[in-house]
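Residues in the sequence shown are numbered from 1102 upward in steps of one, following the working numbering. Quick reminder that beta carbons are idealized off the backbone N, C-alpha and C, glycines included. First comes the structure, then the notes that go with it.
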Amino acid sequence: MKNKPELLAPAGDFKSLTAAVNAGADAVYFGLQEFNMRARAKNFKISDLPKISKICQKNIKKYLTLNTIIYDKELKKLENIIKKIKPFVDAVICSDLAVMKLCKKYKIPFHISTQCSVSNTQTARFYKKLGAKRINLARELNLQQIKKISKIINTEIFIHGAMCISISGRCLISQFLFNESANRGKCIQPCRRPYNITDNQGNQLRLENNFILSPKDLCTLNFFEKIKKSGVRAVKIEGRNREPEYVDTVVRVYRKAIDKKLTKKDIDEGLKELNKVYNKGFSSGFYLKMPTQDDFSISENSSAKQSKKFIGKITHYYPKIKVGLLKLNTSEIKKGDEILIHSKLGVIRHKIQSMQIKHKSVDKAIKGQDVGIQLPKCKKGDELYKIIRKN
């Protein structure tokens, strides 16, 4: 396919960053500890930017999110940040005009955040004239509207991940209830809780689903060919608060969808993989139709088909025999168990084929034992997790 859309992946920390790069992302987006819409993610420091650039090298684009509301008392700090980031980022994702003005002053390309809720061609032309290189469109558009705006300016849309009940994330519930503003990146997510509805006479409405403010996650895999034909320049995965294996899985699935036309078998296999990692059920969002009650989650917890349990850290790795040594932190592991390795090399999935305790082969090990496991390439300090499948 000509003009493949750029695959843009979230990076909440170095592990997720490495996972995104190794899984095939064309670009990554990340935040610093100030002025980004995921203030509760681990995020990065300015001093981390050279290391981020080294991991991404020249072929992976790097976009910094500075997309919160900005107040007067913060303008000096904001300018100091923007002055320092230019050598290390390809663009800034922003919504406040003060950020756009400073990006223009220091000649840093900027992209318009979905927080600006760009929903029509006139608004798109306004931001293009202002100097924006790309617009992440409002989440509430259908594919026909997206196609029309994409003829005017480079556009970007979300293709997978959590959705907000409010207009493009501009929500005030968390602010009103907990004095923690979503527009400052500190959302407590009260929308994810179950609610009862009571009228002023004290009568409680009967609800089929009490999660009346909690949308399912966006998933576009089963209509991704339509996304590719919409004219968007970039497709974005939500998830800077997600684990590295989430980033790894979702990027790999959509990398394949971008690079080839998926068969029904490909889609089924991809959905099976996506269901293994964090999700609240899947919805097509607004792209194909207006959402209905079927597009709301039915649980406060993840619907993922598997979870993970920490089992220990590699204390030594013997590369010649490919064996990692660790002290077991969990109750039991055995041959045949599937594990995740959170490595500096990314996320590695592995099935335990052999184990040894004190140089003797064993079929299982219990908490507190020092066990050697034959593993692919890893390093001291890498974390191991046991995969637990759910019914």
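TODO: State the start and end residues of the unbroken alpha helix (DSSP H) segment that holds T1350.
DONE: That run of the alpha helix (DSSP H) goes P1345 to D1360.
TODO: Can you give me the Cβ contacts of A1239 inside the same chain, cut-off strictly under 7 Å, excluding the 5 residues immediately before and after it?
DONE: T1215, S1218, V1219, S1220 and S1269
Open item on the list: For M1456, count the other beta carbons within 10 Å of its own beta carbon; 16 or more makes it buried, fewer makes it exposed. Which is it?
Closed with: buried
Open item on the list: Just to confirm before moving on: does the CB-CB distance between D1483 and I1434 stay below 7 Å?
Closed with: Result no, Cβ atoms of D1483 and I1434 do not sit closer than 7 Å.
Task: alpha helix (DSSP H) segment containing R1226, residue limits - done: R1226 -> alpha helix (DSSP H) spans T1222 to L1231.
Open item on the list: Rounding to the nearest angstrom, what Cα-Cα distance links T1119 and L1319 in this structure?
Closed with: 24 Å
Task: In DSSP terms, what H1417 is bridged to - done: L1426.
Task: Secondary structure of E1281, DSSP reduced to three states - done: coil
TODO: Please name the residue or residues paired with V1193 in a DSSP beta bridge.
DONE: L1165 and F1211
TODO: Whole angstroms is fine: what's the gap from P1151's alpha carbon to F1189's?
DONE: 7 Å
TODO: In the DSSP assignment, find the unbroken beta strand (DSSP E) run with Q1475 in it and report its ends.
DONE: D1471 to Q1475
Open item on the list: Rounded to the nearest angstrom, what separates G1437 and I1467 at their Cα positions?
Closed with: 15 Å
Task: Residues bridged to D1516 (per DSSP) - done: The requested residue 1516 is not part of the displayed model; the chain covers only 1102 to 1492.
TODO: Taking only the alpha-carbon atoms, compute the straight-line gap between Q1470 and V1424 and give it to the nearest angstrom.
DONE: 16 Å
Task: Three-way DSSP call (helix, strand, coil) for G1286 in this model - done: Reduced to three states, the DSSP call for G1286 is coil.
Open item on the list: Applying the 10 Å Cβ sphere with the 16-neighbour rule, what's the burial state of D1369?
Closed with: exposed
Task: V1463, DSSP secondary structure in three states - done: strand
TODO: Taking all protein chains shown into account, decide if H1417 is buried (16 or more other Cβ within 10 angstroms of its Cβ) or exposed.
DONE: exposed
TODO: Mind checking who L1108 pairs with in its DSSP beta bridge?
DONE: Beta-bridge annotation (DSSP): L1108 is paired with V1336.
Task: Contact set for D1127: own chain, Cβ-Cβ below 6 Å, skip 5 residues either direction - done: E1107 and L1108
Open item on the list: Under DSSP, the beta strand (DSSP E) around I1153 begins and ends at which residues?
Closed with: For I1153, no beta strand (DSSP E) segment is defined; the enclosing uninterrupted segment is the alpha helix (DSSP H) at L1150 to C1157.
- [ ] Could you tell me if L1389 is buried or exposed, where buried requires 16 or more neighbouring beta carbons within 10 angstroms of its beta carbon?
- [x] exposed
- [ ] For M1391, count neighbouring C-beta atoms within 10 Å of its own C-beta (all shown protein chains included) and say buried if the count is 16 or more, exposed if not.
- [x] exposed
Open item on the list: Please state whether the Cβ-Cβ distance between N1342 and G1113 is less than 7 Å.
Closed with: yes
TODO: Can you tell me which of the three DSSP states T1364 falls into?
DONE: coil
Open item on the list: DSSP three-state label for A1126, please.
Closed with: coil
Task: Closest by C-alpha distance to S1398, when choosing among H1460, C1292, K1105 and N1301 - done: Restricting attention to H1460, C1292, K1105 and N1301, the CA atom closest to the CA of S1398 is found in C1292.
Open item on the list: With distance defined between alpha-carbon atoms, name the residue in K1249, I1274, D1300 and Q1394 nearest to Q1290.
Closed with: I1274
Task: At least three beta-carbon pairs within less than 8 Å, the region 1194-1207 to the region 1167-1176 - done: The region 1194-1207, when compared against the region 1167-1176, does touch it at the 8 Å Cβ threshold.
- [ ] Could you tell me if the beta carbon of P1316 falls within a distance shorter than 6 Å of some heavy atom in the ligand NAD?
- [x] The ligand NAD is not part of the structure shown, which contains no ligands of any sort.
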